[in-house]
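Worksheet: the structure to be examined is printed underneath.
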Amino acid sequence: MSLELIIRWEDGDTSALEHGELLIDQLDEIDAIADEHDVRWLSSFADDRDIPEDFAGDPEQLAELLGPNPIWHTPAEAAAAIHRLADLTSGPVADGLRELSTLLRRDTRAFQLDVLL
Numbered sequence: 002m003s004l005e006l007i008i009r010w011e012d013g014d015t016s017a018l019e020h021g022e023l024l025i026d027q028l029d030e031i032d033a034i035a036d037e038h039d040v041r042w043l044s045s046f047a048d049d050r051d052i053p054e055d056f057a058g059d060p061e062q063l064a065e066l067l068g069p070n071p072i073w074h075t076p077a078e079a080a081a082a083i084h085r086l087a088d089l090t091s092g093p094v095a096d097g098l099r100e101l102s103t104l105l106r107r108d109t110r111a112f113q114l115d116v117l118l
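The structure is reproduced here in structure tokens:
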């Protein structure tokens, strides 16, 4: 089973990313680079609500428990930070971040990053 990062638009549409699986795989490293350079974490555009300490179920059960993520972001606020992260990385990670930034710059709908199983 692999995880994939996608864009979930406020109107319910989703956009897949060519490098979505890679970005999930490298998320901790991307956030560490963001932290080092005082750039907003990529993971901050996803659901970052606390998971209950006693939770032991699968991601689908967690989604049911927490309910819909109430936090939405504007593409303009995210695109610049994600583009900066692309400049701080290299190779396929930078390509994936540029892809994400470009998709966000082309849209005005509120969004959140989401993980698909």
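With positions in the sequence shown counted from 1, the corresponding number in this note's numbering is that position plus 1. Even glycine gets a Cβ: it sits at the ideal position worked out from N, Cα and C.
Cα-Cα separation between residue i and residue j, rounded to whole angstroms
i      : j     : result
Leu6   : Phe56 : 23 Å
Leu101 : Leu18 : 7 Å
Val116 : Asp39 : 24 Å
Ile83  : Leu43 : 7 Å
Glu11  : Ala64 : 17 Å
Arg85  : Asp59 : 33 Å
Asp49  : Thr90 : 23 Å
Leu114 : Glu54 : 23 Å
Beta strand (DSSP E) segment containing residue i, residue limits
i     : result
Thr15 : Thr15 to Ala17
Glu11 : Glu11 -> no beta strand (DSSP E), and no H or E assigned at all.
Leu1  : Lying outside 2 to 118, the shown extent of the chain, residue 1 is not represented and no answer is given.
Close Cβ partners of residue i (< 7 Å) along its chain, the five nearest in sequence each way excluded
i     : result
Leu67 : Arg50
Indicate whether the contact test is met: 3 or more Cβ pairs, each with one atom in the stretch 73 to 81 and one in the stretch 103 to 112, closer than 8 Å.
Yes, the stretch 73 to 81 touches the stretch 103 to 112.
Would you check if there are 3 or more beta carbon pairs closer than 8 Å linking the stretch 24 to 35 to the stretch 87 to 100?
Yes, the stretch 24 to 35 touches the stretch 87 to 100.
For the stretch 26 to 107, which segments carrying the beta strand (DSSP E) assignment without a break, of at least 3 residues, lie completely within its bounds, in sequence order?
Listed in chain order, nothing qualifies, since the stretch 26 to 107 has no complete beta strand (DSSP E) run of 3 or more residues.
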